[in-house]
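A.B. asks:
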Amino acid sequence: MGFFARHPRALLAVAVAAGLAVSVGLRWLPQDGKRLELTPVVAKVLRDPGSPASGAAAPEVTVVVFTDYQCPICKSTDPALGRLLGADPTVRVIWKDWPIRGPMSDYAARTALAAAWQGRYREVHAALMAARGALDPARIDAIAASAGADPARLAADRTAHARDIDAQLSGHALQAFGLGLRGTPSYLVGPYRLEGGLDDRRLRHAVEKARRAGPPRSPT
């Protein structure tokens with residue numbers, strides 16, 4: 006077991022330092038559309054059973070998004086993913102909570118992942134993304150409750166499943182580093198890596214481009 010697997014909080018500190026150093030420089034427009042092969046890192050990103058997901062069980066296009074609840078561009082573009090799911094039954098979206106903006110980002114991510122144990126991840130995720138203003142633990146808990154999460158069970162699951170949540174967040178961070186991501190939001194749309202915000206039009210364009218290209222392929 007590696008150091009970061011044994012010390013997930015240390016990995017969070019590295020992620021915060023690295024992410025904040027670069028995410029402020031990411032533009033709204035995607036910075037690249039690099040085509041990736043099906044390397045072990047990409048395979049892990051796509052086949053990580055702990056990452057919350059919605060949409061087609063056998064998708065034509067998989068969209069993976071790395072996101073932070075205190076990232077303004079994440080907040081602006083997150084609704085486009087829900088609209089994509091509603092409009093295109095051939096797409097699957099996988100959410101990778103990557104809290105790189107400090108302790109409240111971490112607490113919010115842990116709360117959203119804990120809500121998955123009562124089947125409320127998407128609702129809590131959407132509510133946290135829609136929230137404006139500063140976050141603190143009490144407000145995050147209130148937002149989760151307003152999204153339909155049972156507060157007592159949420160607190161219990163956040164504690165009982167702390168190791169699972171640690172492992173999931175550590176895994177997401179390692180996947181982000183393995184993909185060479187520089188901040189949030191970042192995406193894997195089919196075989197293409199994109200960094201920066203994708204609004205409805207750009208997201209649809211990326212999905213259609215990925216549909217034509219097919220999924221990531223194993224290196225030859």
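Numbering (the numbering used here) for the sequence shown: 6 to 225.
Glycine residues also receive a C-beta, built at the ideal position from the N, C-alpha and C atoms.
Since this is a predicted model, take the numbers as computed values, not measurements.
Which of the three DSSP states is assigned to residue 163 in this structure?
C.D. replies: Numbered from its first residue, the sequence shown carries residue 163 at position 158. It is helical.
A.B. asks: Could you please give me the residues that DSSP links to residue 68 through a beta bridge?
C.D. replies: Position 63 of the sequence shown, counted from the first residue, corresponds to residue 68. 98 and 194, per the DSSP bridge assignment.
A.B. asks: Tell me, to the nearest whole angstrom, how far the beta carbon of residue 43 is from that of residue 222; I am working on the premise that it is less than 8 Å.
C.D. replies: As a working note, residue 43 is residue 38 in the sequence shown. As a working note, residue 222 is residue 217 in the sequence shown. Rounded, the Cβ-Cβ distance is 6 Å, consistent with contact.
A.B. asks: Using the Cα positions of residue 28 and residue 123, report the straight-line distance between them to the nearest angstrom.
C.D. replies: The count along the sequence shown starts at 1 and reaches residue 28 at position 23. The count along the sequence shown starts at 1 and reaches residue 123 at position 118. Unreliable placement is indicated for residue 28, whose pLDDT of 40 sits below 50; the coordinate value is still reported in the next sentence. Straight-line Cα distance between these residues: approximately 32 Å.
A.B. asks: Let me make sure I understand the geometry here. Which of 163, 60 and 67 has the alpha-carbon closest to that of residue 194?
C.D. replies: The sequence position of residue 194 within the sequence shown is 189, counting from 1. With distances taken between Cα atoms, residue 194 lies closest to 67.
A.B. asks: Have a look at the DSSP bridge pairing and note the partners of residue 59.
C.D. replies: The residue given as residue 59 occupies position 54 in the sequence shown. Answer is 98, bridged to residue 59.
A.B. asks: What number of angstroms, rounded off, separates the C-alpha of residue 134 from the C-alpha of residue 73?
C.D. replies: In the sequence shown, the residue the question calls residue 134 occupies position 129. In the sequence shown, the residue the question calls residue 73 occupies position 68. Cα-Cα distance, rounded: 9 Å.
A.B. asks: According to DSSP, residue 40 sits in a beta bridge with which residue or residues?
C.D. replies: Walking along the sequence shown from the start, residue 40 turns up at place 35. Answer by DSSP bridge pairing, in chain order: 197.
A.B. asks: Contact check, residue 106 vs residue 75 under 8 Å by CB: the rounded distance?
C.D. replies: In the sequence shown, counting from the first residue as 1, residue 106 sits at position 101. In the sequence shown, counting from the first residue as 1, residue 75 sits at position 70. Right, the Cβ-Cβ distance comes to about 4 Å (below 8 Å), so this counts as a contact.
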